[in-house]
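Here the sequence shown is numbered in the numbering used here, starting from 778 and rising by one per residue. Some notes on the structure that comes next.
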Amino acid sequence: MPPFIKTGFSSLRYIFRAIGGYSIVCDLFAAATMIVALVAPNGLAANVMLVLAAVLVLAGPIAELVSALRQGQSPRQFMGTMSVSRILVALAALAVDLGDGASGWAVFAVSLICLMVIGEYAMRRPVRSAVPQAANIPGWDVPLPSQEAANGLFAANSVAVALVVASASLGVTQVPAIIAVLAGLVLVVLIGVQSVRYLYHRNRFEANLPKILKTMAPQFAFHWQAPAGTAYQASMWLPYLDRIGVPYFVLVRTSANFDEVSKLTTAPVILRVGLEDLDPIVCPSLKVVFYANTAVRNSHMIRFPHLTHIQLNHGDSDKIASVSPVFRQYDKNFVAGQAAIDRFEKHGVVTRRDQFEIVGRPQLEHVAPASGPIAGIAQPTVLYSPTWSGFYEDSDYSSLPAGRAIVAALLERGCTVVFRPHPYARRHKGNAEACAEIIDLLTEDTKTSGRNHVFGPAAETEMSVADCFNASDAMISDVSSLVSDFLISNKPFVMVAVSAHGESFVEEFPLAEAAYVVDMIDGVPVQIEECLAEMLTTDPKSVKRQSLRSYYLGDAPTEKVVDRFVEIARRFMD
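In C-alpha cells, the structure reads:
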C-alpha cells in the first residue's frame, strides 16, 4: 500500500474514533430510521431500516463480548452503552407499530424500555466508579456492585428492544418485550441495593482507616502502579518483602493492579486512586516506601519527605531505561551490583554515590550453577527469552523479528527449546505473530522429533525465571535483565544485537563482553549457526562470565543473597 494511502486511512481512523466511532454511526442510523418511520411507518423502507438498525446497534456489543470470552477475559461493563441508539430504535419501532394501528400495549412496552435504558445510563457512573478498598484485612472487605448484574441489565433491555422491533415488523404481541423489561427491573433494584451497600461500607472503611492502620502498625509500604498484565513486577519482590519480617502493606493505585496483586500476597492490600487519598495511609509507624518501577504516580508518595523512598526496580540491564534521571528522586536505589552504578556515570546521569545500595538479586537464590562444561552435553536445552519492543524506538531491543529463524537454528542443531518471551511481548502485533510462529514451529517439531520443548503457559506462567534457568544449559536473549541474571549460573548465552552492532554494541551494552553476539539485520540473525557452534562446544567466554558475575550481581554468595537484601532493608526501619 502506498504511504500516502496508508497515512490517509490512519487519519480517517483517527477522525472516526474522535467523533465517537461505532457508537456515532449507530446513533445516526437509528435517528434516520426513526425519521423514516415517522414519515412512512407502513413503507418497506421503514421496516427494513428498523431491522438493520437493531442489528447494527446490538452487533457491536455482542461481537465484543464473544471476543472477550474467546480470549478468556472478563467482558467490560456494557450497562449504559448505546443508550441513544437503543432508545431511537425502540421509538422507531413504536412509530411503525402505531402506523399499523397497534394497541396501548406497544406504547407501554416502548415507554418502559426507554425509561429502563435511561436508568441504565444514570446507574452507569456509580457502578463503574465503584472500586475495592482493601484486601487481606479481616472484616474490612468492601463488596462491589455486581458487574454481571450490570451486564445482565444491559442484556435484558437490549433483548426487549429486539423484541419490540420484532413485534413492529411481524405484527406479534409485545408481551415478551414487557417480560424482558420487567426482568431488567428486578436487576435495577438489585444493582441499586448493591450500590447503596457499597457506599455504606466504603464510607465506613474510610472513617476507620486511621484506626485500622494504627492496629496494623506497618513499618513500610510497597507502592505499585503499572499497566494491567504486569504483575511480574510485583511478584518478583513480594516474597522478599515478606522476609523482611515486619508489618507492611501493599499500596496500589488502580483496580486492575488491585485485582492482580491481591491474588499474589497475603499481606494487606490497600487501593488509593487519587492523590488526596494518600494522606490517610501515611500513619505514624510508616518509615519506608519501596517501589518496583518508575511510574509517574510514584511521585504522589515521594512528596512525603519524612519517609525513606527506596527504588527496587524490576530487573537490572544495560537498557537505556535503567539510567533514567528519574532514579535520582529516590532516597535510595537498591541495585544488584556495581555495574548499575557505573552505568549512570557512563551515560552522564550525575547521581550521588550514597543514593545506591548494592543488595544483589535475591530472586536468584534458587538458580543452580552449571554442572560442567556445555561441551559434555550431547543435546543441550536452550532457553530463548526475548525481551519486548519497549514503548519507544530507542528502547526497542527485541530479537523477536528474528525469533523464528533463531529457534529454527536451534532445532537444526538438535537442541531442546524453552521459549519464554517477555510478558509484554504480545502487545506488539508483529512480535505477537512471531511468538505464534515460534510456538507453531516447536509444536510441529515436538511431533516429528519427540523432543520435549517447553512453551506457552508451561514456560511463561507455570515456571518461574529460576525454573527456566535451571531447565536450560544455555540461553539466547537480547538486551534484557535476564542476561545479567543468567550470569549467576555461569552457563553460556547469546545476545542478539538489535540497536547497534559490532564494537558499538559491546560499547553500549558492556555485558556483551561475556556473550556470544549475533547481529540482527532486517529481521535476520546473521551467522547464528557459527555462533551456536562456538557457544555449545568450546565455550571460550566461560572465564569472562565468571569475572563479570560479581560486577553485575554483587559479591554475596547465592545462599546469602537474600540475607543481604533483608539486612540492608531492615537498616532503614531502625
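From the three backbone atoms N, C-alpha and C, an ideal C-beta is built for every residue, glycine too.
Span of the beta strand (DSSP E) around residue i
| i | result |
| --- | --- |
| Ser-1254 | 1251-1254 |
| Ala-1274 | 1270-1274 |
| Lys-1109 | 1109-1112 |
| Lys-1055 | Going by the sequence as given, residue 1055 is Leu instead of Lys. That residue, Leu-1055, is in no beta strand (DSSP E); it is neither H nor E in DSSP. |
| Phe-1133 | 1133-1135 |
| Val-1159 | 1158-1161 |
Sheet register partners of residue i (DSSP bridge)
| i | result |
| --- | --- |
| Met-1297 | Pro-1302 |
| Asp-1001 | In the sequence as presented, Asp is not what sits at residue 1001; that position holds Trp. Bridge partners of Trp-1001: Val-1029. |
| Gln-1352 | With the chain represented from 778 up to 1351, any question about residue 1352 goes unanswered, as that position is not in the structure. |
| Phe-1196 | Tyr-1161 |
| Leu-1048 | Val-1029 |
| Ala-1357 | Any property of residue 1357 remains undetermined from this structure, which presents the chain solely from 778 to 1351. |
| Val-1231 | Val-1195 |
Proximal residues to residue i (C-beta, below 7 Å), its chain only, five neighbours per side dropped
| i | result |
| --- | --- |
| Ser-1101 | Thr-1071 |
| Leu-930 | Met-856, Glu-897, Gly-961, Leu-964, Val-965, Ile-968 |
| Val-942 | Leu-827, Val-828, Ala-831, Val-866, Ala-870 |
| Asp-1316 | Pro-1150, Ile-1151, Ala-1152, Pro-1269 |
| Met-1013 | His-1091, Gln-1140 |
| Val-1024 | Sequence inspection shows Pro at residue 1024; the Val mentioned does not correspond to that position. So the qualifying residues of the chain are Met-993, Ala-994, Pro-995, Gln-996. |
| Gln-924 | Gln-854 |
| Asp-1332 | none |
Nonlocal neighbours in the same chain, by C-beta distance under 8 Å from residue i, ignoring five residues either side
| i | result |
| --- | --- |
| Tyr-1017 | Pro-1139, Gln-1140, Val-1339, Phe-1342, Val-1343 |
| Arg-1120 | Asp-1095, Ser-1099, Val-1100 |
| Val-919 | Pro-909, Gln-910, Ala-911, Tyr-975, His-978, Arg-979, Phe-982 |
| Pro-852 | Glu-841, Leu-842, Ala-845, Leu-846, Asn-928 |
| Tyr-1107 | Tyr-1068, Ile-1079, His-1086, Ile-1087, Gln-1088, Gln-1132 |
| Val-1184 | Tyr-1161, Val-1194, Phe-1196, Ile-1215, Leu-1218, Leu-1219 |
Nearest-angstrom Cβ-Cβ length linking residue i and residue j, presumed shorter than 8 Å
| i | j | result |
| --- | --- | --- |
| Asp-1173 | Ser-1094 | Contact flag wrong, Cβ pair sits at about 14 Å. |
| Leu-865 | Val-887 | The Cβ separation is near 11 Å, so there is no contact. |
| Pro-1157 | Asp-1250 | 4 Å |
| Tyr-975 | Leu-921 | 6 Å |
| Arg-1080 | Arg-1030 | Rounded, the Cβ-Cβ distance is 14 Å, inconsistent with contact. |
| Ile-1097 | Gly-1114 | Actually they are not in contact, since the Cβ atoms of Ile-1097 and Gly-1114 sit about 19 Å apart, beyond 8 Å. |
| Ala-814 | Ala-823 | 5 Å |
| Arg-1204 | Cys-1212 | Between Cys-1212 and Arg-1204 the Cβ distance is about 11 Å, and since that is not below 8 Å, they are no contact. |
| Met-1312 | Tyr-1293 | 5 Å |
| Ile-890 | Val-958 | 6 Å |
| Val-1027 | Val-1046 | 5 Å |
Close beta carbons around residue i, own chain, < 6 Å, minus the five adjacent residues each side
| i | result |
| --- | --- |
| Lys-1337 | none |
| Gly-837 | Tyr-799 |
| Lys-783 | Caution applies to Lys-783, whose pLDDT of 47 falls short of 50 and renders its modelled position unreliable; the value that the coordinates give is listed next. None. |
| Phe-1232 | Phe-1196, Ile-1216, Leu-1219 |
| Ala-1235 | none |
| Val-1295 | Val-1271, Val-1273, Pro-1302, Ile-1305, Cys-1308 |
| Glu-1037 | Ala-1008 |
| Phe-1067 | Phe-999, Ile-1087, Leu-1089 |
| Ser-1254 | Ser-1162, Val-1260 |
| Ser-944 | Gln-951 |
| Ile-796 | Here the model assigns Ile-796 a pLDDT of 47, short of 50, so the residue's position is not dependable and the matter cannot be decided. |
| Ile-955 | Ala-886 |
Host alpha helix (DSSP H) of residue i (start-end)
| i | result |
| --- | --- |
| Leu-833 | 821-847 |
| Leu-1313 | Run containing Leu-1313: none; DSSP gives neither H nor E here. |
| Thr-1220 | 1206-1226 |
| Tyr-977 | 952-993 |
| Asn-913 | Where Asn-913 is concerned, there is no enclosing alpha helix (DSSP H), given that its DSSP letter is neither H nor E. |
| His-1077 | 1075-1079 |
| Thr-858 | That residue, Thr-858, is in no alpha helix (DSSP H); it is neither H nor E in DSSP. |
| Arg-1190 | Counting along the chain, Arg-1190 falls outside any alpha helix (DSSP H), and DSSP gives it neither H nor E. |
| Leu-889 | 881-905 |
| Val-1144 | Where Val-1144 is concerned, there is no enclosing alpha helix (DSSP H), given that its DSSP letter is neither H nor E. |
| Lys-1321 | 1319-1330 |
| Gly-929 | 924-947 |
| Tyr-799 | 799-816 |
| Leu-1015 | 1015-1019 |
| Asn-1247 | 1242-1247 |
| Asp-1119 | 1115-1123 |
Is the region 899-907 close to the region 939-954, with three or more CB pairs under 8 Å?
no
Given 8 Å as the limit, is there contact between the region 1142-1149 and the region 1112-1127, that is, 3 or more CB pairs closer than that?
no
Using 8 Å as the Cβ pair cut-off and three pairs as the minimum, do the region 1183-1199 and the region 1222-1231 touch?
yes
With three or more C-beta pairs closer than 8 Å as the rule, is the region 910-919 touching the region 975-985?
yes
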